[in-house]
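Everything on this sheet refers to the single structure shown next.
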Amino acid sequence: MKCNLFTTSEATLLAFIAAQFASTVLAAPLADLALNNIFERQACSYPLSLGAAKGFMLLAKGGITNTAVPLSITGDIGVTPAGTITGITAAQVTGTINTNNALASTAAAVAANRCACALSKSPCVTKSGALGGVTFAAGTYCITGAASAAANTMVTLDGAGNANAQFIFQISGSFTTGANVEIKLINGAKACNVYWVVGTSSINAATTLGATNIFNGNICDYGAITAGISLVAKGSWFTLPTADIITIAGGTFNAGSTC
């Protein structure tokens, strides 16, 4: 079996690498480690796709905690390498719950790569950190320091009729929204094509979303993510540092369509 590492699908790569180690008792761990190393080093290509991480709604290195009900999650959730999931039952998840297993590990490696690609996308348009009431066309935006949307405001993302329109927000500080904020998608914009990158590999910055937000987009956070009660979210959420967790307070979460 021949395998081009740059053009082969992730599933095929997994099978190929597993086959190379098939004669050893360490086949699965070695294949997983090798595949993760490949994914973490994949070259960036745009528009971005989450690949093996696209089915995950919540994926954290440090852990996932839910503190309220009702709660509905459509999509997979997972922790890796040694986190815990608390306050969430299988009945609340339409998807799989992955606790420190190979699927979570591989998805985390892919997510780390895609988030790094989103962070490094250039050129970017410099914007202020006040996002509420602003309409954005597709593009890459960089915000130095913290970003926020005040309570009862709307951040509008306009796809201009292009189903592949991608929006990347590179926020070097914390990201905060007040209560009743909506990230509104219009004219063909999709949640899976929106990336909120908070912090950097050297800056630990948190995302804090207010109660009853309607939040669209993938969150790549180099810190913790905390969501207020009764939030409605579409897109995948990732915390990238080992110690940082995702904390939610009930709500409706959907990994959404894939791009």
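Residues -27 to -1, 1 to 232 in mature numbering (1 follows the signal peptide of the UniProt record, and there is no 0) are what the sequence shown lists, from first letter to last. Positions of the beta carbon are idealized from the N, C-alpha and C atoms, including for glycine.
Taking DSSP as the reference, what is the three-state secondary structure of Val42?
For the purposes of this step, residue 42 is taken as the residue at position 69 of the sequence shown. Coil.
Kindly list the residues whose CB is nearer than 6 angstroms to the CB of Leu44, restricted to its own chain and excluding five residues on each side of it in sequence; keep chain order.
Residue numbering aside, residue 44 sits at position 71 when the sequence shown is read from its first letter. Excluding sequence neighbours, Leu44 sits near Gln65, Gly223.
Here's the rule I'm using: 16 or more other beta-carbon atoms within 10 Å means buried, otherwise exposed. How should Thr231 be labelled?
For the purposes of this step, residue 231 is taken as the residue at position 258 of the sequence shown. By the neighbour-count rule (16 or more Cβ atoms within 10 Å), Thr231 is not buried but exposed.
In angstroms with no decimal places, state the Cα-to-Cα distance between Asn153 and Val128.
Residue mapping note: residue 153 aligns to position 180 of the sequence shown, counting from 1. Residue mapping note: residue 128 aligns to position 155 of the sequence shown, counting from 1. If you take the alpha carbons of Asn153 and Val128, they lie about 11 angstroms apart.
Does the Cβ of Tyr19 have 16 or more other Cβ atoms within 10 Å, making it buried, or fewer, making it exposed?
Within the sequence shown, numbered from 1, the residue matching residue 19 stands at position 46. The residue is exposed, with fewer than 16 neighbouring Cβ atoms inside 10 Å.
What separation, rounded to the nearest whole angstrom, lies between the Cα atoms of Ile57 and Asn71?
Position 84 of the sequence shown, counting from 1, holds the residue named residue 57. Position 98 of the sequence shown, counting from 1, holds the residue named residue 71. Reading off the sequence shown, one finds Thr at residue 57, where the question assumed Ile. If you take the alpha carbons of Thr57 and Asn71, they lie about 10 angstroms apart.
Count the other CB atoms, across all protein chains shown, that sit within 10 Å of the CB of Tyr101; report buried if there are 16 or more and exposed otherwise.
On the sequence shown, residue 101 is found 128 positions in, with the first residue counted as 1. A small fix is needed here, since residue 101 is Ser in this sequence, not Tyr. That one is exposed.
Pairing CB atoms from the stretch 188 to 198 with CB atoms from the stretch 81 to 97, are three or more of them under 8 angstroms?
yes
Cut-off 6 angstroms between Cβ atoms - residues of its own chain near Asp217, not counting five sequence neighbours on either side:
Locating residue 217 in the sequence shown gives position 244, counting from the first residue. For Asp217, where only same-chain residues beyond five positions count, the Cβ hits under 6 angstroms are Gly35, Gly196, Ala197.
Using CA atoms only, rank isn't needed, just tell me which of Leu32, Ser95, Gln15 is closest to Ser209.
Translated into the one-based positions of the sequence shown, residue 209 becomes position 236. The candidate whose alpha carbon is nearest that of Ser209 is Leu32.
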